[in-house]
Every structure is written in C-alpha cells, then in structure tokens.
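Positions in the sequence shown are counted from 1; adding 352 to them yields my numbering.
Here the structure comes first, spelled out in structure tokens, and everything after it is commentary.
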Amino acid sequence: MRKIEASELVINSDGSVFHLHLRPEQVADKIILVGDPGRVEQVAAHFDSVESRSANREFVSATGHYRGTRITVLSTGIGTDNIDIVVTELDALVNIDFNTRQEKEQKKHLTLVRLGTCGGLQPDIEIGDFLLSRTSIGFDGLLNFYKGRNDVCDLDMEREFTKHTGWSPLLAAPYCIDCSEKLRALFKDDVIEGITVSAPGFYAPQGRYVRISPADPELNAKIEFFRYNGRRVTNFEMEGSALAGLSALMGHDAVTICTVIAQRVAKKMDTDYREFVNKMIIMCLEKLVIL
Numbered sequence: 353m354r355k356i357e358a359s360e361l362v363i364n365s366d367g368s369v370f371h372l373h374l375r376p377e378q379v380a381d382k383i384i385l386v387g388d389p390g391r392v393e394q395v396a397a398h399f400d401s402v403e404s405r406s407a408n409r410e411f412v413s414a415t416g417h418y419r420g421t422r423i424t425v426l427s428t429g430i431g432t433d434n435i436d437i438v439v440t441e442l443d444a445l446v447n448i449d450f451n452t453r454q455e456k457e458q459k460k461h462l463t464l465v466r467l468g469t470c471g472g473l474q475p476d477i478e479i480g481d482f483l484l485s486r487t488s489i490g491f492d493g494l495l496n497f498y499k500g501r502n503d504v505c506d507l508d509m510e511r512e513f514t515k516h517t518g519w520s521p522l523l524a525a526p527y528c529i530d531c532s533e534k535l536r537a538l539f540k541d542d543v544i545e546g547i548t549v550s551a552p553g554f555y556a557p558q559g560r561y562v563r564i565s566p567a568d569p570e571l572n573a574k575i576e577f578f579r580y581n582g583r584r585v586t587n588f589e590m591e592g593s594a595l596a597g598l599s600a601l602m603g604h605d606a607v608t609i610c611t612v613i614a615q616r617v618a619k620k621m622d623t624d625y626r627e628f629v630n631k632m633i634i635m636c637l638e639k640l641v642i643l
C-alpha cells in the first residue's frame, strides 16, 4: 500500500493536520461547514456541550454534542481553494493512518453540510429563503485538476451550459456536480432546491461592476435564462461546487444550503441577516439529529 510522504500530507508535531490543526479524535462524522470563522460560535452556541476547539488562520472549529448527536462545526473561509484544503484534510483525518501514512482499509463516510449565504438570481427568490444546491456549476475549475471528474459530473449539462452562455475559452471549463441524494432528501421539505453557480470571486465573476467591467456583461442574464431538464439556476455562491465534487470523488455525503441575502435581479441587499442564518442553523441541527 502506498505511503503518503511528509511533503504531500503535512502533519504537525502535535499530531494535527497541517491547516486545520485538528487531530483525528477531534472530528465528528457529522460536520457543519461555514465560511465565516465568527459563525462557528453561532453554531456552537446551540450545542449542549463542547468537547474541543481549534483555531488556525481562517480555520476555526468546535466539536460537541447537540441533543445527543456528536457534531463538528468548522469554518472554511472564502473560496473553493479553501474547500480543497478543508475536504482533503478532513478526509485524511478519518481515512489515513497518521502513524503509517497509509490509507485505512475501512473507509469512513462523512456527512458535510455547508451553511452559507448567497445572491438570488430569479425574481421570485426572496431574501431570507433557504436554497439547496441540488446541482452546482463550478466556474473555478478546481475539480478539473482531479482524476475521475468526468465520472461524477453531469457532462451533458456542462455541454448545454457552455453552449448556452457562449463560454469564453479564456475561462476555466465549468463543471456540473450534484449534491448527495441522501442529504437532498433529508432537507427537501425546508428548502427551495435549484442549480447554483459557484464563482471564483465576488465581483466580476458574479457579474458585479464596480470600476472594472466584467468581460461578458450579459453573462448573468444568460445564466438567469438557462434551463436544463426544466430546472433553472437559482443563486450564486463561492464554495459549493468544490465541496460537492471532492466529496463525490472521496465517497462522502455533502450538500450546500444558503440563505439568500441579496436579490440580484431586484438589486436588493440585506446586511442584517444574522437571524436568517440562525434559523438555518437550527433547521440543520434538527435534521442532523434524525439522520
């Protein structure tokens, strides 16, 4: 069995993984991912007890119990590049023997639920709605670096999307990846599901124009009117495609749920969205208890 060298999987002197600063015993099988490190405490405040905490850079975590269920909450920071670190290191924590640096024979399957915020792309999507990313379209290109991406992606949807938008060859090839069907079924009664675009930036990649114009000023309109098997694109966010894609390749269940804080069609924004997020957190915790 292949040994993973020290330069490929970095383990700190205290036995924790390099970026997350977590040790294997500190990770629950059910994990809530949030972008904002400050949101970790917003989730952990609902726990009945907290057994461990860790913090390094933007990666802040707490593991505890909610109504008898052991849960980890971990912040990822912004972007799919951070998700690449987070999912890879979480997988290593449960599926790599840190002493031998080899894969364990019995693999563990994690449940990963990302709770975020997003901008709605359809006129009937309202601020405060909860959107589940049934399919994510990754504009970031991250999954294209991994062997097997074609085996987990919807290649027909990719072709239809690139044709519809007149996708520029200067941009990374978009990839289309579904969330976990098990988690989709778990949350279906409390969310609106749709197709989500995961953008590699907040401004031009999401069609925003401050001082520098987007290369294709009509891209958002094209995205809004894209349809695939009767389904539509509902929102923009910045992490879900990498989470769904890497989890599919590694054998974990993952889903992204976002509360809408911006209405891009109506050009409205709500910066006081803490209560929306808190309702989403409580809904998620209650669902994980029964999973």
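For each residue, glycine too, the CB sits at the ideal point set by N, CA and C.
Small disclaimer: the values here were computed from a predicted structure and weren't measured.
Query	Result
What residue from Glu441, Gly471, Leu595 has the CA that sits closest to Cys505's CA?	Leu595
Is the beta carbon of Ser401 sitting closer than 7 Å to the one on Gly420?	no
Mapping the DSSP letters down to three states, classify Glu403 as helix, strand or coil.	strand
Buried or exposed for Asn581, please, with buried defined as at least 16 other CB atoms from any protein chain shown within 10 angstroms of its CB.	exposed
Just to confirm before moving on: does the CB-CB distance between Cys610 and Gly468 stay below 7 Å?	yes
Which residues in the same chain have their Cβ closer than 6 Å to the Cβ of Met602, if we skip the five residues on either side of it in sequence?	Asp443
Please look up how many angstroms separate the CB atoms of Gly472 and Ala614, rounded, as I've assumed it's under 8 Å.	7 Å
Restricting to runs no shorter than 3 residues, where is the beta strand (DSSP E) found entirely within the region 562-597?	583-589
Residue ranges of each alpha helix (DSSP H) run of no fewer than 4 residues wholly in the region 463-506, ordered along the chain?	501-504
Considering only the beta carbon of each residue, do Trp387 and Leu483 sit closer than 7 Å?	It is Gly, not Trp, that sits at residue 387 in the sequence shown. Cβ atoms of Gly387 and Leu483: not closer than 7 Å.
With DSSP as the reference, label Asn451 as helix, strand or coil.	coil
Which two residues bound the contiguous beta strand (DSSP E) that contains Cys610?	605-615
Please report the residue range of the alpha helix (DSSP H) in which Ile634 lies.	626-642
Could you tell me the distance, in whole angstroms, from the CA atom of Gly597 to the CA atom of Asp624?	31 Å
On the DSSP bridge assignment, give the partners of Tyr418 in chain order.	Thr421
What residues are listed by DSSP as bridge partners for Thr623?	Answer by DSSP bridge pairing: none, since Thr623 is not bridged.
Where do the N-terminal and C-terminal ends of the alpha helix (DSSP H) with Leu535 fall, by residue?	533-539
Do you know offhand how far Glu627's Cα is from Asp503's?	39 Å
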